[in-house]
Amino acid sequence: MSLETLKKVLYSGVWGTIGPYSLKAAELLAKLKGANHCLLTHSAGAALEVTLRAVGTYHGDGVIVPAAGARIVRLSPNLTGAQPVICGKDAGKVCLADIKEAVDTNPSVKCAVLDYETVCELGKIYEYLKSAGVTFILWAGGRLLGDCRGEYADAVIYSFAEGADIYAGNAGALVTDSKSLFDRAYAAHNCGRTLGEGATLNVDEAIGGNRRITEWQAALIYDELVKLTKD
Amino acid sequence: MSKLAIFGGTPVRSEPYPGWPTVSEKDEQGIAQVYLSGKWSKGEVAAEFERRFSERTGVRHAIVTTSGTVSLEMILRGLDIGYGDEVILPPYTFIATLSSILAVSATPVFADIDPETYNICPAAAESKITDKTRAIIAVAVGGCPPSIDRLTELANRKGIYLILDAAQAVGAKWSGKDIAGFGDAAEFSCQNTKNLPSGEGGIITTNDDALCSRIRSMLDGSHDKFYTDHNVTEFHASILSTQLDKLDDEIIRRERMAAYLDARLNMLPFVRPMKREKEVTVNAYHLYLMRFDSEMLAEKGLTRDMVLHAVNAEGIPLTPGYMPLYSFQSVNSDAVERMTGRKTDTSPLENCERASYHEGAWLFQSVLLADTEDMDDIADALEKVWENAGELAARLGKESV
């Protein structure tokens, strides 16, 4: 099935710049995760970066990251010029008490990025971060089929790299219920452009780079998601 | 004198120009092989493409990435350019040149373009250099190399980096040498419309071993500060490889058609082809740029946009080109000030204003994959519009096109 889909992509001449498979696969993934919005990108690292940019983290802002966990998570604040605020112990999991300490001692904290593998008390952490006005981004990695869903965070990042539940060579996704976060991330991933009618910002208001997924990747993801939703 | 199509006459042309991208069985075989291999990332197809691109350009290192935009960002990061640093760029270019500077939190500084090439003017760039300047990004607009010798001399004299934004210039040559080998690094785009397409994609070239090593470490996560997963799949790489097979033939054809069109346009009084510096041995012609004589148009009561409107109705896909980057509302936004810690100078620049609003126009590269009769249609349409200038000005002038 997927090879035929790839051939369709080839002969359509639409290989990138947000083609039909990119949009359809994003819609299906949002549905699968029970979220309002999904943005597909060329990698999970790219999805995380555009989410940090969408949150509005800049030079001088603090971003909580875990001491242990995926390296791409721990280094992610550097991409926007923000400062990583290391939280938790090297070998241990990040708990609510660690988060509270990080927020209390760092007034510049704007956002937290935690790795699903190295965090506990997820629900409590999210409730606390909400009350503290800190945006919570959860790195779920390749765990697309588990219970790692949007209710645990403002945004969840998934991977389609080698070893992930769905493999597309490489690719990533941001899943969120927030329309404004989605719109800003979309602009950050598509050279400042916004998606369709009803966007919450004008095209002139945003600056963005290119973190777009290709149709090759999106077609592979789409076929797998179709199979999953049928099952 | 035939009636203009915009007023109900018969258009010069009703057939579309060639589409893009073009596909062959080799593309299909390549994609199928990758798919069936089950190895879709970090594989030999991408590595082989990099070796091949390096060899054809004569540059020590070629690194394939997910876009031209991220390639520029990675070059800037690899050169340790960031917050507090200034980077000079032309305002007549795609927004990626600007966004890449902002992505690394550096401050963009606009320098005006040459009025005859629309590439960055070396003298204007020099006038913008301060003690904070770290680099000049010189864009090969439309695929035509900028004044590389003067820019290289300037960068060397001032001790700053020269980066070539060759997003549109794959295959272009300066003094017989591939553009990929000039400056401290160059970047190419392989987005869907580009002359070497893979849907999305980019290529970084450099002769600097240390820079290459830093960029690769950011891609594989071994860099001490940045982990930028802009790694392509093997599908990207396969398409790049098979599309590269036909690039040289297409370059020859585009050059031939462009020379023919140049000759035709040179016979018209109000429009001229862009100046090509003598060192430009190959223009990649991602775009065929031309410029109108705005004074001559004004004498007839015409504007560039009126002419484009009429020429489009004749079946010619001639478009107005870039808006100045400094005119974008977002450049003055609070977000940009937060990124860089400074306001960006968005003062208008004379030559860019003329190019963007009064004189510049372009055709997309696949138009040049057609035949000489198709080039004749372009010149004939422009000639027809000029012959009907009086009527066009009288009727469209009232509508304020």
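First to last, the sequence lines map onto chains A and B.
Per this note's numbering, residue 1 is the first one in the first sequence, and the count goes up by one each step.
Per this note's numbering, residue 232 is the first one in the second sequence, and the count goes up by one each step.
The beta carbon of each residue, even a glycine, is placed where N, CA and C say it ideally should be.
Check: Does any C-beta atom of chain A lie closer than 9 Å to the C-beta of E465/B?; Outcome: yes
Check: Just by C-beta distance, which residues in the segment 548-569 of chain B are closer than 8 Å to chain A?; Outcome: F559, Q560, S561, V562, S564, A566, V567 and R569
Check: Are the beta-carbon atoms of E304/B and G209/A separated by less than 9 Å?; Outcome: yes
Check: Are the beta-carbon atoms of P428/B and A586/B separated by less than 9 Å?; Outcome: no
Check: Considering only heavy atoms of the ligand GDP, does any lie closer than 8 Å to the CB of D480/B?; Outcome: Among the components modelled here there is no ligand, and therefore nothing to report on the ligand GDP.
Check: Which term fits G621/B, buried or exposed, when burial requires 16 or more other beta carbons within 10 angstroms of its beta carbon?; Outcome: exposed
Check: In the DSSP assignment, what are the bridge partners of V109/A?; Outcome: G62/A
Check: Just list the alpha helix (DSSP H) runs in the segment 278-350 of chain B, keeping only unbroken ones of 4 residues or longer that don't cross its boundaries, in chain order.; Outcome: 299-309 and 326-334
Check: Please report the residue range of the beta strand (DSSP E) in which L594/B lies.; Outcome: G591 to F595
Check: From the DSSP secondary-structure annotation, give me the bridge partner or partners of S420/B.; Outcome: G433/B
Check: Taking Cβ to Cβ, would you say H189/A is nearer than 9 Å to M570/B?; Outcome: no
Check: So that I know if they touch, is there some Cβ in chain A lying closer than 9 Å to that of V632/B?; Outcome: Reliability of the predicted coordinates at V632/B is poor, the pLDDT of 49 falling under 50, and no value is obtained from them.
Check: Nearest-angstrom Cα distance between K24/A and G572/B?; Outcome: 39 Å
Check: Please list the partners that S43/A has in chain B, where partner means a Cβ-to-Cβ separation under 8 Å.; Outcome: T297, D460, H461 and N462
Check: If we cut at 9 Å on Cβ distances, does T80/A have a partner in chain B?; Outcome: yes
Check: Keeping to the same chain, check which residues put their C-beta closer than 6 Å to that of T51/A; ignore five residues upstream and five downstream.; Outcome: I137, A155, L174 and A185
Check: Determine the direct distance from the alpha carbon of G45/A to that of T57/A, and round the result to whole angstroms.; Outcome: 16 Å
Check: For D608/B, I'd like the list of residues in its chain whose CB is within less than 6 Å of its CB, leaving aside the five on either flank, ordered along the chain.; Outcome: V243 and R244
Check: Between the C-alpha atoms of D316/B and R282/B, what's the straight-line distance to the nearest angstrom?; Outcome: 33 Å
Check: Suppose only complete runs of 3+ residues qualify. What are the beta strand (DSSP E) ranges in the segment 246-270 of chain B, listed by chain order?; Outcome: none
Check: What is the DSSP secondary structure of V73/A, counted as helix, strand or coil?; Outcome: helix
Check: Under 9 Å between beta-carbons, which chain A residues line up against K389/B? List them in chain order, please.; Outcome: Going along chain A, no residue has its Cβ under 9 Å from K389/B, so there is no contact; the nearest lies around 26 Å.
Check: Inspect the beta-carbon positions of H517/B and K425/B and report whether they are closer than 9 Å.; Outcome: yes
Check: Output yes if chain A places a C-beta closer than 9 Å to the C-beta of L267/B; else output no.; Outcome: yes
Check: Determine, for Y152/A, whether the minimum Cβ-Cβ distance to residues of chain B falls below 9 Å.; Outcome: no
Check: For A67/A and I435/B, what's the separation of their Cα atoms in angstroms?; Outcome: 33 Å
Check: Closest by CA to T297/B, which one among P353/B, Y266/B and F466/B?; Outcome: F466/B
Check: Is I394/B closer than 9 Å to L10/A when the C-beta atoms are compared?; Outcome: no
Check: Tell me, please, whether the CB atom of A26/A is closer than 9 Å to any CB atom in chain B?; Outcome: no
Check: What's the gap between the Cα of A153/A and the Cα of R445/B?; Outcome: 34 Å
Check: Residues of chain D with a CB under 8 Å from the CB of L52/A: which are they?; Outcome: Among the protein chains of the structure shown, namely A and B, there is no chain D.
Check: Determine, for C191/A, whether the minimum Cβ-Cβ distance to residues of chain B falls below 9 Å.; Outcome: yes
Check: Below 7 Å on C-beta distance, what does F457/B contact in chain A?; Outcome: L75, N78 and L79
Check: For the segment 451-469 of chain B against the segment 318-327 of chain B, do three or more pairs of beta-carbon atoms, one drawn from each stretch, fall closer than 8 Å, so that the two count as touching?; Outcome: no
Check: Can you tell me which of A624/B, Y248/B and L320/B puts its alpha carbon nearest to the alpha carbon of A529/B?; Outcome: A624/B
Check: Return the residue from the list E545/B, E486/B, N438/B and D362/B that minimises the CA-CA distance to I306/B.; Outcome: N438/B
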